[in-house]
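For reference, the structure is listed below as structure tokens.
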Amino acid sequence: MRAWLSVFFAAWVLWLALTVPWQPLQILAGALVAGTAAFFVRPLLPASFSGFGLMAIGRFLLFVPVFLVEMVKANFQIAWIVLHPRMPMNPRVLTAKTRLESDAGKMLLANAITLTPGTLTIDARGDELIIHCVSPTPEQEQDPNRLLSPFEDHIRRFAP
17 MRAWLSVFFA
27 AWVLWLALTV
37 PWQPLQILAG
47 ALVAGTAAFF
57 VRPLLPASFS
67 GFGLMAIGRF
77 LLFVPVFLVE
87 MVKANFQIAW
97 IVLHPRMPMN
107 PRVLTAKTRL
117 ESDAGKMLLA
127 NAITLTPGTL
137 TIDARGDELI
147 IHCVSPTPEQ
157 EQDPNRLLSP
167 FEDHIRRFAP
């Protein structure tokens, strides 16, 4: 029951965050959709999942601004590349090794990389992520793990 409530509240909070300003019917619809989603997701959760702890939720909320800052920086870098007369692209496929152990942490890391403009996670194999970069820095080419560093330490705090 605790797992269901965790999924329900996570989905409902996401719904509420996306439907501002709130109206009573939207709040009720969000609760119905979140409840339905939690009902169907519950059988897919690992047996060991007992819900999201408050510390994990707090640490996730601290990750969100880090992700947004990295996304804004990457948007400016891609805009500069596109608007530059010579379009100085140097596309590469790099393999980075993550220190995250949980599948949820690896999935979140891969998605954070993919949502950052100019990078795309092509595949995840074990502890390796194969990442396409539009224009990696020389430091990132020498050490592809630098692509992960803005996100990995923060994700480790709530999804080891």
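Under my numbering, the first residue of the sequence shown is numbered 17, with each subsequent residue one higher. Ideal Cβ placement from N, Cα and C applies to all residues, glycine included. Since the model is a prediction, treat every value here as computed from it, not as a measurement.
Of the residues the options, the one placed nearest residue i, counting alpha carbons only
| i | options | result |
| --- | --- | --- |
| L32 | I43, G74 and V49 | I43 |
| R141 | A126, T132 and P152 | A126 |
| R173 | F56, L78 and W96 | L78 |
| N106 | H100, P152, A90 and A72 | P152 |
Burial state of residue i (16 or more Cβ within 10 Å)
| i | result |
| --- | --- |
| I171 | buried |
| G74 | exposed |
| V88 | exposed |
| S22 | buried |
| F24 | buried |
| Q39 | exposed |
| R147 | Position check: residue 147 holds Ile in this sequence, whereas Arg was assumed. Buried, since its Cβ has 16 or more Cβ neighbours within 10 Å. |
| E155 | exposed |
Endpoints, beta strand (DSSP E) assigned at residue i
| i | result |
| --- | --- |
| A140 | T135 to R141 |
| L145 | E144 to C149 |
Boundaries of the alpha helix (DSSP H) in which residue i is found, first to last residue
| i | result |
| --- | --- |
| H170 | S165 to F174 |
| T153 | It is not in any alpha helix (DSSP H) - T153 carries neither H nor E in the DSSP assignment. |
Simplified DSSP state of residue i, which is helix, strand or coil
| i | result |
| --- | --- |
| R115 | coil |
| L108 | The sequence given here places Arg at residue 108; Leu does not occur at that position. Reduced to three states, the DSSP call for R108 is strand. |
Expected contact under 8 Å - CB spacing of residue i and residue j to nearest Å
| i | j | result |
| --- | --- | --- |
| A112 | L163 | 5 Å |
| A27 | A50 | 4 Å |
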